[in-house]
Structure formats: C-alpha cells, structure tokens
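Residue 122 in the UniProt record's numbering sits at position 122 of the sequence shown; the count goes up by one each step and never skips. All C-beta atoms in this analysis are idealised placements derived from N, C-alpha and C, irrespective of residue type, glycine included. Single-structure report; data block below.
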Amino acid sequence: MMFQRKLFYVLALVVDRLHIAVAGDPDILTDYVVPSNIVNLTSDLFTFTGMRVIINAPPPPAFKVLKASMAEFPGLNGQSVSYAVLQYPTGSVNPPHTHPRASELLFLLMGTLEVGFVDTTNKLYTQTLKQADMFVFPKGLVHYQYNADPKNPALALSAFGSASAGTVSIPNQVFNTSIDDTILAKSFNTDIATIQKIKLGLRC
C-alpha cells in the first residue's frame, strides 16, 4: 500500500511537471478539439482512466507499454502532449525504435535502466538510469531501453511533445514487412538463411 501511494504521488508530480516538453503539433484556434461523434460535451472528453490497470497488477512477462495518446485519449487532440507508462520485467528490452513526430522525456519511477540513442553522425549516447532520473530522447532518433537487473522490474513514465508521437520499431519495420530477403541480406552483408532466421525469431 505504501508503494501504491508513493507511485500515485510520483505520477501526479511528473504529469504536472512534464508538460514543459517541447510541443510539435500544429496550433489550434480553439481551446480544444471536440470529436465529431460527441453531441453532449462533458468532462469525460478530458479524462483518461486507461492507466488504472497497472495498479496492483503483477509485472508483465515481457516489456509492455500503455499509451495515452490521441488514439486512446481523444481529448489530447490539439494539446501537443501525450504519455506512456513503460513496464520492464527483469531482462526485458524496449527494442530500438524512433518517434518521428516528437521528442521523448523519460522519468524512471522504479528500478534501473540502461538507455541510449544514436544521433545522425552515428554516435551512441548511453546512460544508466536510477530511480527518479530523467533522460531525453531527441525527436526522430533511434533509441532503446534495457532492464539489465536480473532481480527487479523497472517502471517509467514518458512524456511526448505531440498528441500522436508515432512509433517506428526498427526490428519490425525491417524484418516484418515485405522487403525482399535478398535486399536485406545484401544490406546486412549476410545470407538469406540468416535473414529468414531473424524473421522467424521476431514472429515467436
């Protein structure tokens, strides 16, 4: 119970502070955007309860992300902000990916994380984060997070400067699309059998 109260306090503090993330969405000419299917506007538009499922829930078996973007929370349309709760069981990884429309500001609520990103000069920046540390992933750059702790899970909250930051998973975009195996084999200087083995592993 003490942990849950602490988690609620930290989440409230972070949500209050992380709104300073640089906005990337177009400005709107009204206070907010009302979806066309709403006839009677109430405070429900501005409320999101989808994160309640993490309270008292056991750690997931693999990395899991719960999003509060415009797709899940229509009230964010035009507000240039969104959030995600990231859950990392022991040994799990959030694979290399990008967010094409926003930078990401990660706040580590619990545990430790190995994080990093690669800039456009192919320089890798890495850091080991501890509880209450923050790390920024610049817009559009490839980045990852890894919980190397063999005993303890990790929990993080990320803020994005867009209501729809988008996520491009590098492994999925490269190996789970219809790009010809020959092209991939030549691009990675390997053989087709290796490419097919990688694809099979991603489908498991």
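The distance from the Cβ of P150 to that of P59 is about 13 Å, inconsistent with a contact at the 8 Å cut-off.
Judged by DSSP secondary structure, K64 falls within the beta strand (DSSP E) whose first and last residues are 64-68. CA-to-CA, the gap between A159 and G201 works out to about 31 Å.
Restricting attention to P100, T47, P26, the CA atom closest to the CA of A68 is found in T47. Residue S92 holds the alpha-carbon nearest to the alpha-carbon of G111 among T194, T120, S92. Per the coordinates, the alpha-carbon of P100 lies some 32 Å from the alpha-carbon of T42. Going by C-alpha positions, T126 is about 40 Å away from D44. Going by DSSP, P96 is part of the beta strand (DSSP E) stretching over 93-98. Listed in chain order, the non-local C-beta contacts of V118 below 7 Å within the same chain comprise L124, L141, V142, local neighbours out to five positions each way being set aside. By the Cβ neighbour-count rule, F135 is buried, with 16 or more other Cβ atoms within 10 Å of its own.
Within 10 angstroms of the beta-carbon of D191 lie fewer than 16 other beta-carbons, which makes it exposed.
Q145 and V34 have their C-alpha atoms some 35 Å from each other. In this structure, the straight-line span from the alpha carbon of F73 to that of P89 is close to 26 Å. The criterion of a C-beta distance shorter than 8 Å is not satisfied by S103 and F63.
In the DSSP annotation of this structure, the continuous segment of the beta strand (DSSP E) that includes L124 starts and ends at 124-129. The bridge partners DSSP lists for V136 are L105. With 16 or more neighbouring CB atoms inside 10 Å of its own CB, Y83 falls in the buried class. Partner residues in the beta bridge of F117, as assigned by DSSP, are Y125, H143.
Shown here, Q79 sits in coil according to DSSP, grouped into three states, outside any helix or strand.
V53 is classed as exposed because its beta carbon has fewer than 16 other beta carbons within 10 Å across all chains shown. Here G166 has H99, P100, R101 as same chain residues with Cβ atoms under 7 Å from its own Cβ, once five neighbours each way along the sequence are excluded.
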